[in-house]
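Residue numbers (this note's numbering), protein chains in the order written: chain U, 14 to 394; chain A, 14 to 394.
Positions of the beta carbon are idealized from the N, C-alpha and C atoms, including for glycine.
Every value quoted in this text rests on a predicted model; they were computed, and no experiment measured them.
Everything on this sheet refers to the single structure shown next.
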């Protein structure tokens with residue numbers, strides 16, 4: 014953009030410079046274009062002619078839904094503060110780590126709707142910075158763009174565009190806020206619904222990749238207190254910082270494929286804020302009994318040791334190795350575990366049968382740890 | 014939420030306290046519930062049973078679209094920095110002004126899609142703070158919640174939920190970032206499309222209410238330099254600060270009703286960032302000739318005088334009294350202006366025929382001001 018060459022205050026003086034921003038927007042558009050076919054399984058066709066307009070258009074083949082009602086969902090989600098860890102770790106590794114950060118953000122957006130069987134048709138990006146020179150770091154910008162595009166491919170959705178405001182006085186200069194939204198469709202309406210839960214149902218836990226995008230405030234606080242900060246070596250030889258940056262799994266595709274394979278999943282819980290307390294998210298009177306827990310990744314051992322963080326606090330805050338909980342009838346367990354085992358390499362995570370639900374006081378009981386979380390510890394749904 | 018009473022670091026220590034947050038979330042849910050019928054005109058029915066789940070569900074009556082294809086849009090938008098003005102002006106007026114700020118945010122989200130005939134079925138909220146004590150200011154929190162709900166009513170959409178992260182280290186403590194997203198439907202697919210533009214079409218300008226939500230960085234800079242800051246009196250006797258906070262009009266309902274009344278609107282432009290340069294947003298070779306301009310509100314006179322800001326810079330940055338441009342065939346002008354005049358009180362703004370488009374070099378010519386903006390001044394679409 015050419016700034017008008019006249020006497021007087023220009024908008025650039027006030028801290029907004031479209032020259033810094035526009036190359037990033039164009040990179041986003043180039044990568045996003047390649048996602049336009051990602052929702053055709055739902056009869057949702059991206060209209061690339063509308064890219065760059067004020068809203069991205071999608072054509073929906075309504076006939077595909079026939080006599081049925083179509084169920085859709087719309088959600089807004091954010092990454093949290095995990096990108097601050099990437100910024101700090103970059104000083105050690107020399108790499109931006111924003112490919113992972115992008116996947117974390119998209120995962121946060123699409124995993125939640127998947128708990129009730131809504132899978133993403135579209136995802137929009139929100140990248141707010143305190144100073145627009147943030148966008149001039151090409152490695153980081155490229156990583157963010159490519160990572161976001163790859164995550165949309167993994168989540169099977171159209172990247173419909175986004176918003177990239179410079180918010181001087183709101184965002185701290187040098188940092189970025191990452192968030193976004195998704196519009197999705199229920200290919201099997203009513204199959205995943207907390208109302209389907211019954212006493213006797215099994216609890217299947219899907220592996221996490223590590224800390225995901227929750228509890229990073231605690232992790233950062235620990236790193237600040239340690240002499241070696243993010244450079245500290247974990248029991249597996251990796252550094253604390255790099256382990257923290259393992260990206261959140263995108264679970265939506267796995268769950269969608271389970272439903273397609275005829276596995277009747279009743280409901281799911283994305284284990285994020287509130288940790289394992291989230292397992293009792295359904296508005297129902299059940300006790301959730303965990304007989305087994307996955308082995309937490311070394312990053313959790315490290316956080317517990319150096320916090321110090323008690324088991325109770327750890328399971329009430331972090332995913333502790335389990336990123337998602339699925340609820341199925343007992344006769345569906347074998348099919349689900351076989352499916353997960355067979356395709357473990359494709360999705361990048363495994364599954365375990367960890368417990369079951371019984372009628373009774375609403376609480377989560379983690380037997381191997383002797384922990385109970387009662388309903389009052391999860392006040393908001 | 015009851016915090017576990019054990020030795021060790023708790024999540025609250027790390028700066029996240031759900032006790033501050035939850036009352037705000039509950040207030041949002043209470044107000045949002047009352048919007049669930051707002052999209053029934055599209056056959057979109059909110060499912061209140063899903064409120065509080067990880068995604069808000071909507072049932073779409075696909076049969077309503079019959080043989081037709083359904084067109085939908087999904088957009089992410091943000092307010093910018095206008096809330097910093099509200100925060101500063103509050104020190105003078107003693108009022109939070111966040112009702113207006115909420116409307117500004119929703120307007121930014123729904124006005125853009127309306128340019129191509131997408132009207133909102135749902136809106137989601139994103140409220141990110143640097144410190145969660147932001148939510149403990151009840152007057153401001155109530156204003157934000159009620160204002161957001163009222164704006165969703167005005168925009169005729171379901172408030173489907175949102176995200177309220179505390180982002181210490183990213184957002185400056187005491188401030189808030191407001192943004193959100195919308196999923197919308199085209200009730201008349203193809204009617205509003207930049208491809209419909211033809212030489213000879215008329216340009217109709219819809220009145221703005223004032224500065225709306227763009228160019229606030231400049232306005233804040235001016236206030237900082239003035240002795241009396243936001244207290245300065247404008248020519249109409251109002252203070253600079255209060256005038257800046259007049260909320261952005263929500264134009265989507267007016268445009269939707271025009272289409273319903275059989276007025277064929279070919280395309281629209283939401284005059285936001287890039288000011289009147291935005292009028293040439295369509296990817297087409299036209300010259301946009303403005304024969305008339307609305308009288309800018311006193312707030313613009315004040316900004317131009319105290320910037321100083323030249324006419325050229327002002328029209329390239331601010332809406333200068335025109336918040337939205339509509340393009341119609343010349344024979345539709347009378348109908349549109351009559352409709353606007355008849356319902357001026359209902360929508361809160363009027364319309365004027367301001368010019369027309371001709372085949373030729375892509376540029377905006379503002380005749381009364383002797384200004385031309387050529388295509389290279391609007392590099393990004």
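CA-to-CA distance, residue j to residue i, given in whole angstroms
i, j, result
"residue 118/U", "residue 92/U", "5 Å"
"residue 35/U", "residue 87/U", "28 Å"
"residue 161/U", "residue 260/A", "34 Å"
"residue 304/U", "residue 326/U", "19 Å"
"residue 48/U", "residue 163/A", "36 Å"
"residue 389/U", "residue 373/U", "15 Å"
"residue 69/U", "residue 141/U", "20 Å"
"residue 107/U", "residue 197/A", "42 Å"
"residue 50/A", "residue 206/U", "22 Å"
"residue 280/A", "residue 179/U", "28 Å"
"residue 329/U", "residue 306/U", "14 Å"
"residue 190/U", "residue 146/U", "14 Å"
"residue 375/A", "residue 301/A", "8 Å"
"residue 345/A", "residue 156/A", "40 Å"
"residue 16/A", "residue 124/A", "With a pLDDT of only 35 at residue 16/A, under the threshold of 50, the placement of this residue in the model should not be trusted; the figure read from the coordinates follows. Distance between the alpha carbons of residue 16/A and residue 124/A is about 43 Å."
"residue 131/U", "residue 386/A", "45 Å"
Start and end residues, beta strand (DSSP E) containing residue i
i, result
"residue 89/U", "83 to 91"
"residue 2/U", "Since the first and last residues shown for chain U are 14 and 394, residue 2/U lies out of range."
"residue 194/U", "189 to 198"
Close Cβ partners of residue i (< 8 Å) along its chain, the five nearest in sequence each way excluded
i, result
"residue 349/A", "217, 271, 276, 278, 339, 341, 364"
"residue 38/A", "177"
"residue 13/A", "Since the first and last residues shown for chain A are 14 and 394, residue 13/A lies out of range."
"residue 317/U", "323, 324, 327"
"residue 311/U", "247, 248, 249, 251, 256"
"residue 267/U", "219, 353, 356, 360, 362"
Paired residues, beta bridge with residue i - DSSP
i, result
"residue 218/U", "338/U, 365/U"
"residue 276/U", "Note: residue 276/U sits in no beta bridge, so no partner."
"residue 175/U", "138/U"
"residue 385/A", "378/A"
"residue 390/U", "DSSP output for residue 390/U lists no bridge partner at all."
"residue 71/A", "85/U, 59/A"
"residue 287/U", "285/U"
"residue 77/A", "DSSP lists no partner for residue 77/A."
"residue 181/U", "184/U"
"residue 252/U", "246/U"
For residue i, the first and last residue of its enclosing alpha helix (DSSP H)
i, result
"residue 111/A", "111 to 127"
"residue 346/U", "346 to 355"
"residue 258/A", "Residue 258/A -> no alpha helix (DSSP H), and no H or E assigned at all."
"residue 230/U", "229 to 238"
"residue 154/A", "151 to 168"
"residue 313/A", "311 to 319"
"residue 302/A", "Unbroken run through residue 302/A is the beta strand (DSSP E), 299 to 303; no alpha helix (DSSP H)."
"residue 325/U", "324 to 328"
"residue 101/A", "95 to 106"
Cβ neighbours of residue i in the same chain (closer than 6 Å, five flanking residues each side left out)
i, result
"residue 291/U", "282, 284"
"residue 6/U", "Outside the shown range of chain U (14 to 394) lies residue 6/U, about which nothing can therefore be said."
"residue 77/A", "56"
"residue 227/U", "285, 286"
"residue 222/A", "259, 262"
"residue 224/A", "257, 312"
"residue 183/A", "none"
"residue 171/U", "48, 49, 51, 52, 59, 135"
"residue 242/A", "236"
"residue 84/U", "199, 202"
Cβ-based neighbour list, residue i, same chain, cut-off 7 Å, excluding 5 preceding and 5 following
i, result
"residue 74/U", "56"
"residue 72/A", "58, 60"
"residue 185/A", "143"
"residue 235/A", "316, 319, 320"
"residue 379/U", "289, 303, 306, 328"
"residue 18/U", "Low confidence applies here, because residue 18/U scores a pLDDT of 31, under 50, leaving its location unreliable and the question unanswered by this model."
"residue 309/U", "333, 334"
"residue 42/U", "64, 65"
Check: residue i C-beta below 6 Å from any heavy atom of the ligand FMN
i, result
"residue 92/A", "Summarising the ligand content, the structure contains no ligands, and the ligand FMN is consequently not present."
Anticipated Cβ contact below 8 Å, residue i with residue j, distance rounded
i, j, result
"residue 173/U", "residue 40/U", "Actually they do not touch by this definition, with Cβ atoms about 16 Å apart."
"residue 332/A", "residue 288/A", "7 Å"
"residue 195/U", "residue 122/U", "5 Å"
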